[in-house]
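Visitor: Chains as they are written, first to last, in my numbering: chain A, 2 to 281; chain B, 2 to 281; chain C, 2 to 281; chain D, 2 to 281; chain E, 2 to 281; chain F, 2 to 281.
Ideal placement from N, C-alpha and C gives every residue a C-beta, glycine not left out.
What follows is the structure, given as structure tokens:
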């Protein structure tokens with residue numbers, strides 16, 4: 002889902018980030034810059050990528066001084082080239098200098114996620130597969146990270162442990178088998194949730210389908226291993242591939258016919274998009 | 002500084018991460034696993050690296066069930082090989098299954114930082130340079146990220162805007178020049194802080210030294226550009242190189258004689274160390 | 002889902018309730034009762050019902066004094082008669098007197114929900130229908146209220162707006178019809194979620210089924226109106242009845258063949274179960 | 002006391018309620034409704050009652066979008082008939098759809114309390130008795146619940162354990178009798194507080210009066226038992242009746258001459274007032 | 002009232018104070034002291050006074066390391082001489098060095114309040130007057146400050162604006178006179194509260210008494226002005242003197258016959274009691 | 002450093018102070034003053050001093066009602082005489098009456114600090130010494146207290162344990178001597194921090210200087226003891242005097258040539274500046 006950026010939630014994250022970086026005050030700026038000095042600045046991309054997080058950056062400066070004008074030049078989700086200006090700022094120099102790093106930290110991380118996601122999405126274009134994230138996010142930024150995946154054209158997997166059922170090998174073993182686990186989950190979970198089950202071979206596929214699983218998770222299989230399983234399943238369930246997905250193997254896995262490809266690296270190993278704030 | 006992991010601070014971060022992932026409850030585990038079922042598990046490295054975050058992982062499970070035993074097999078900061086076990090867990094299956102992802106998210110991110118740092122530290126061994134982090138951390142994890150840099154053998158730069166003076170080009174310009182900026186900062190900042198000033202050429206070096214700067218920051222210069230400046234400065238101030246530092250150029254920059262090399266990528270572009278929790 | 006009572010979440014709610022009632026201190030007890038005086042007490046049902054909330058009550062006393070022993074006499078979910086003892090307490094008199102009202106407020110409200118739920122569940126026994134709650138809970142107690150519904154034998158509907166898709170009339174209208182709304186939701190929501198759609202007549206049933214809806218919501222219809230629709234739908238989707246469900250009409254509605262009956266009154270109009278704490 | 006709705010306090014409760022229901026986002030609305038679509042809506046009473054909570058509902062929508070216009074049609078405390086419009090909303094459809102349930106949950110619970118209270122107040126009109134609430138409120142909503150009692154024409158008893166002295170049987174026993182308990186409380190409590198004492202018979206009445214009690218609490222007595230005690234006390238103290246007060250017996254109890262009748266059911270067993278939000 | 006030190010409330014204050022002082026870590030101690038080094042220490046009075054805050058100091062060290070043993074040598078409220086040991090500590094050196102300043106800051110401030118209070122209490126001994134505090138406390142420490150007043154032998158006035166009625170000149174003027182103000186307050190406030198009214202002359206005394214005021218506040222009057230008013234009032238109401246009370250004039254004011262003397266300086270101008278932590 | 006008053010940080014402190022004093026509501030004002038009554042007020046100094054905290058007071062009233070106009074008459078840091086008006090307020094009477102005490106509590110404490118500081122600063126004028134605060138602040142108000150010191154013309158010492166290195170006797174002993182302690186701190190602390198070391202005699206001075214200490218702390222020495230040490234040190238390090246500094250001895254100590262004089266009493270024993278809010 003595209004997580005709408007609720008202002009309350011956004012402000013909690015932004016205020017915490019400012020408290021972390023600014024703390025009792027930006028000594029250097031307070032000491033050296035006249036409090037009423039004005040500034041104009043622009044945020045510029047130093048590498049090509051997809052921009053995500055403009056509303057977050059806007060709130061960073063807003064919390065330091067509501068009078069700062071933050072004017073996006075490109076839209077959220079825009080593909081930018083190196084050198085392109087993505088936003089302009091007008092206002093007192095203090096909040097602009099003080100907020101620069103926090104705003105860039107958000108923008109660079111979220112744009113990094115969006116950029117990474119967009120590459121995967123482009124690779125599977127034309128197949129039935131949707132690229133999704135996982136729960137492998139940096140602690141504290143789950144909602145923003147999943148938002149950035151959507152901005153990059155990807156889809157979201159579950160938000161956490163509370164909004165979906167995903168029966169992995171250990172759950173099935175503890176429950177006495179896949180069939181028992183699915184039955185228990187069906188009896189327990191809200192009727193609004195589908196049941197997803199990790200399966201490792203044809204026998205487990207059949208057991209899961211017989212038990213009424215809605216989605217079958219194929220973890221750590223190669224495209225070659227995936228294809229016959231997906232074909233065997235047909236329309237009886239959705240199929241998801243996960244584990245070790247890279248830009249190198251994602252095309253083959255998508256071509257194997259799965260419906261969903263979940264990629265942990267979208268959010269757990271994020272090269273920041275290089276951005277810079279320049280004052281005039 | 003090696004940030005000691007204050008329990009209060011650690012618990013705030015851990016509880017927030019659990020709230021984010023577990024929320025109202027781990028539906029799958031509650032539905033499928035008997036509440037009193039016991040489990041043994043191990044956390045295993047799937048790639049070589051430096052381990053950081055064991056005390057964080059320990060608190061994750063502690064918050065779900067104080068009776069879970071989390072037994073590190075290697076020390077914090079240990080270099081591990083792929084396949085090596087780093088910790089063992091004993092306890093009820095519920096907290097182990099429910100806490101797995103949050104614990105791994107912390108461990109993988111912090112170990113990724115430590116691993117990355119250790120590579121840079123190894124590269125400059127034998128030179129006078131110390132590798133430091135920057136303020137380019139993922140929002141909300143500043144203290145833990147800087148802790149992981151220390152675990153990896155690096156040093157910390159300032160924590161935030163409140164604990165050091167770093168006069169950049171814009172501050173100097175706003176103050177009416179480097180000399181005026183240093184004087185104002187000296188009059189304003191606690192006497193316990195050194196004054197660091199960004200300089201771009203010999204003229205600015207001289208101006209900063211004359212004003213009494215303690216540390217000179219050379220931003221975005223090549224090793225070739227840095228060497229003569231550092232030699233010119235001699236023992237009159239500490240020197241720091243920053244901007245665009247990579248594993249490729251760090252050796253040359255260290256050889257150019259700087260005291261400090263600060264590397265944003267240590268914390269802003271962190272490939273997670275691949276770890277896995279295996280239940281028996 | 003049965004929401005497991007996460008200790009962190011539970012403690013937040015309990016601490017807030019204690020802060021609200023005890024505030025700066027229980028003046029009367031502090032003034033009149035010697036600080037080391039011991040007491041024994043029992044919590045007794047003054048009406049028949051289903052007990053829910055024992056772990057919550059236990060934490061109330063624990064936060065006032067970890068040494069208080071709270072010993073349940075019946076299990077969570079037990080059906081008790083008027084006069085039956087449900088728990089015994091041993092410890093200093095101060096925490097028992099100070100925590101009495103907060104503990105009872107939780108127990109009475111949650112047992113009221115469980116009791117109410119159990120009556121509905123008993124009425125539909127033998128039919129295919131499961132009784133669920135709604136989002137009509139008292140603000141701040143959603144997770145506990147939904148837990149109590151489970152204790153009473155009911156099931157949970159979605160937790161909130163973030164964990165399920167429920168397309169109501171207004172959403173469909175804004176999207177340009179049911180088909181468009183379902184398509185958008187399918188494209189947007191995580192693949193782990195089913196799509197539920199409110200339908201008012203056969204035409205809308207067909208439109209929703211054609212669009213791939215998984216669950217059809219029949220709101221504010223009588224058993225007579227529901228039966229033919231449910232029969233028409235057959236196994237093509239789950240069916241849910243909601244709106245104006247009472248103990249009087251629930252049997253007929255269940256007999257009409259729906260899969261889910263959601264009852265707002267379970268949580269929005271809860272007669273507290275009458276309980277009392279008696280000191281010896 | 003009529004608790005004024007402090008904006009800070011109100012916003013804390015409202016933000017928590019929104020976080021609980023909306024969480025990471027309203028998936029259905031985000032997926033199906035254009036973000037800039039406008040809507041007009043009205044909140045309509047589906048049953049007769051007393052309206053309480055309009056300022057709370059207003060803040061719910063304000064937090065989702067400050068531009069939503071929430072226009073009350075009736076005043077706080079108004080008696081409305083089924084079918085009557087109580088407020089109109091104008092603004093983007095997103096915040097109106099997303100905030101609907103939280104706003105109604107507050108309004109229905111608080112209006113339920115006010116409606117219930119107003120019935121008791123009407124019944125004792127013409128007597129000296131004032132109807133008050135108790136500490137039997139749903140955890141987390143104490144201040145709002147007590148506000149709603151005032152809106153319904155009732156009065157407030159103490160807010161919690163910290164703002165009044167109420168010596169019950171157990172306190173007196175622990176202190177070595179009523180006289181000792183009153184003396185200790187008088188020595189201990191701020192001089193701004195009256196001392197209320199639970200008494201069970203004439204002997205205890207005399208002991209409490211002799212000790213200087215200001216208010217005598219008659220718990221779980223019938224009107225017949227109350228009348229002679231109240232007459233005996235005369236003007237020497239205020240009298241309060243509590244325990245098992247219902248719409249059936251409150252008139253007789255008021256007629257017995259007590260000054261205060263406290264009714265737990267006003268807040269612990271609240272049938273929500275049936276309200277509905279209709280979009281045009 | 003003696004505010005009992007609720008552990009939850011105490012821990013919130015202590016954790017905030019530690020976060021404020023220790024923040025990301027005690028660099029000096031971490032750098033220089035081996036993490037497992039043990040220490041013994043004592044807290045010693047460097048001036049005579051009354052000790053308050055031992056339980057607060059104990060929690061400071063507990064939060065840094067639950068294994069630190071904090072052993073009070075004197076009781077809470079003890080009168081100590083300069084040079085006297087008030088507590089001993091045993092445990093790791095880290096938490097003792099890190100917690101020293103926060104623990105002393107609490108102890109010195111609270112003992113300062115208790116010491117100051119005890120002097121006033123001693124001065125009025127033998128009169129009917131009780132010494133109370135006011136709401137003039139340092140923001141954030143109200144409950145602890147009022148606790149320290151009790152430790153010093155004083156009494157508490159109201160905690161805040163929410164737990165008592167005190168009609169000052171401006172309230173009376175706004176209400177249309179003292180009589181109207183008292184009547185409104187009587188109708189509005191819980192019946193458990195007395196009504197206190199500020200009066201400036203005999204006419205206002207009579208008006209307030211006729212309206213049923215329970216306590217009359219004589220603000221900024223001399224002992225000579227107070228005596229005839231108090232005699233005139235007799236047993237018809239309690240009397241409180243406030244405003245400009247000093248150790249010089251308190252004896253005369255007490256001798257004038259008032260029941261309560263409230264002293265802002267007890268908490269707003271507190272000379273810290275000089276204490277020191279010595280390591281062996 | 003002059004701590005800029007970050008709005009987020011300020012609002013947290015202000016909201017906590019209001020919650021502490023106003024709680025569930027200002028009963029007296031709500032009962033007696035019409036909700037729409039307007040008022041004009043002024044805050045007047047009743048003693049001479051330096052005003053600090055005007056922005057804090059402004060936010061107190063803002064949080065109660067954003068429409069209250071708070072108009073400072075003098076600037077932050079102004080020296081005022083008894084009787085001088087320092088601010089005027091216009092708005093509804095409710096927020097002005099309700100916020101009066103909290104606003105004055107902040108203003109009186111912070112102005113007390115500024116006034117006290119200004120006296121010390123004036124005494125050392127013409128010497129090289131700067132007056133600084135210490136960590137001996139009232140818990141919870143560190144940032145505001147240090148801000149007030151700056152307003153009074155003083156300078157700040159470190160904010161807490163996390164932003165500076167100060168090696169005291171116990172640290173040196175634990176590390177195996179001053180030389181070892183300085184070396185460890187140098188290796189551990191960020192390069193932006195100076196190393197301050199407590200020294201007791203010439204031998205320790207030499208050891209600290211040889212180890213590279215930047216600042217030498219002379220604790221609890223007389224001016225006579227300090228002078229030869231400072232002369233001996235010369236320009237090799239900064240010197241700080243602390244311990245038992247009073248208005249009586251500060252001139253002599255400054256004359257002894259130290260660079261910094263830190264005064265605990267500036268913040269730990271603060272006589273409030275007497276201020277009053279007068280309504281017209």
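Let me check understanding here. Comparing Cα to Cα, which of E:177, E:30, E:117, E:190 lies closest to residue 148 of chain D?
Guide: Among E:177, E:30, E:117, E:190, the Cα nearest to that of residue 148 of chain D belongs to E:190.
Visitor: Within the stretch 133-194 of chain C, note down every full beta strand (DSSP E) run reaching 3 residues or more, in order along the chain.
Guide: Within the stretch 133-194 of chain C, the complete beta strand (DSSP E) runs of at least 3 residues are 166-168.
Visitor: Check the Cβ of residue 23 of chain E against every Cβ in chain B and list those closer than 8 Å, keeping chain order.
Guide: Ordered by position in chain B, the residues that pass the 8 Å Cβ test against residue 23 of chain E are 7.
Visitor: Leaving out five residues before and five after residue 15 of chain C in sequence, what residues of the same chain have Cβ atoms less than 7 Å from its Cβ?
Guide: Within the same chain, residue 15 of chain C has close Cβ partners 57, 60, 61, 64.
Visitor: Report buried or exposed for residue 4 of chain F, applying the criterion of at least 16 other Cβ atoms within 10 angstroms of its Cβ.
Guide: Because the pLDDT of residue 4 of chain F is 44, which lies under 50, any placement of that residue in the model is unreliable, and the question is left without a value.
Visitor: If you draw a straight line from the alpha carbon of residue 214 of chain B to that of residue 214 of chain F, how long is it in whole angstroms?
Guide: Spanning the two alpha carbons is a distance of roughly 17 Å.
Visitor: Output, in chain order, the set of chain B residues within a Cβ distance shorter than 9 Å of residue 239 of chain F.
Guide: The answer, in chain order, is 192.
Visitor: Since residue 270 of chain A is in the beta strand (DSSP E), which residue starts that stretch and which ends it?
Guide: Taken as a continuous stretch (DSSP letters only), residue 270 of chain A belongs to no beta strand (DSSP E), as it is neither H nor E.
Visitor: Residue 39 of chain B CB to nearest chain C CB: under 7 Å?
Guide: It does not: the Cβ of residue 39 of chain B has no partner Cβ on chain C nearer than 7 Å.
Visitor: Expressed to the nearest angstrom, what Euclidean distance is found between the alpha-carbon atoms of residue 129 of chain B and residue 158 of chain B?
Guide: Each residue's Cα considered, the two are about 16 Å apart.
Visitor: Can you pull the chain C residues whose beta carbon is under 7 Å from the beta carbon of residue 186 of chain B, in chain order?
Guide: Correct list: empty, because the minimum Cβ distance to chain C is about 43 Å.
Visitor: Are the beta-carbon atoms of residue 287 of chain A and residue 49 of chain A separated by less than 7 Å?
Guide: Because residue 287 of chain A is not part of the residues shown, which for chain A are 2 to 281, the question remains open.
Visitor: For residue 7 of chain B, which of helix, strand or coil comes out of DSSP?
Guide: Coil, per DSSP.
Visitor: Any Cβ of chain E within less than 7 Å of the Cβ of residue 61 of chain B?
Guide: No - not a single Cβ of chain E is within 7 Å of the one on residue 61 of chain B.
Visitor: Within 7 Å of any Cβ in chain F, is that where the Cβ of residue 19 of chain E sits?
Guide: Taking Cβ atoms only, chain F never reaches closer than 7 Å to residue 19 of chain E, which makes this a no.
Visitor: Can you pull the chain C residues whose beta carbon is under 9 Å from the beta carbon of residue 27 of chain D, in chain order?
Guide: Result: 161, 162, 163.
Visitor: Less than 7 Å separating the beta-carbons of residue 19 of chain B and residue 144 of chain B?
Guide: No, the Cβ-Cβ distance between residue 19 of chain B and residue 144 of chain B is not below 7 Å.
Visitor: Excluding the 5 residues preceding and the 5 following residue 244 of chain A in the sequence, name in chain order all residues of the same chain whose CB lies nearer than 7 Å to its CB.
Guide: Cβ within range, chain order: 220, 221.
Visitor: Give the straight-line distance between the Cα atoms of residue 227 of chain A and residue 236 of chain A, rounded to the nearest whole angstrom.
Guide: Cα to Cα, the separation comes out at about 15 Å.
Visitor: I need the straight-line Cα distance from residue 1 of chain A to residue 134 of chain A, nearest angstrom please.
Guide: The shown model of chain A, from 2 to 281, leaves out residue 1 of chain A, and the question about it has no answer.
Visitor: Which first and last residues belong to the alpha helix (DSSP H) in which residue 116 of chain D is found?
Guide: Start and end: 94-124.
Visitor: Bridge partners of residue 40 of chain C, per DSSP?
Guide: Paired residues: C:92.
Visitor: Beta-carbon of residue 158 of chain A versus every beta-carbon of chain C: anything under 7 Å?
Guide: Residue 158 of chain A counts as touching chain C.
Visitor: Spell out the partners DSSP gives residue 240 of chain C in its beta bridges.
Guide: Answer is C:217, bridged to residue 240 of chain C.
Visitor: Can you tell me the Cβ-Cβ gap for residue 101 of chain D and residue 278 of chain D, rounded? I've got them flagged as a contact below 8 Å.
Guide: Yes, they are in contact, since the Cβ atoms of residue 101 of chain D and residue 278 of chain D sit about 5 Å apart, within 8 Å.
Visitor: Using a Cβ-Cβ cut-off of 7 Å, state whether residue 195 of chain A counts as contacting chain C.
Guide: Chain C, which has a Cβ nearer than 7 Å to the Cβ of residue 195 of chain A, makes this yes.
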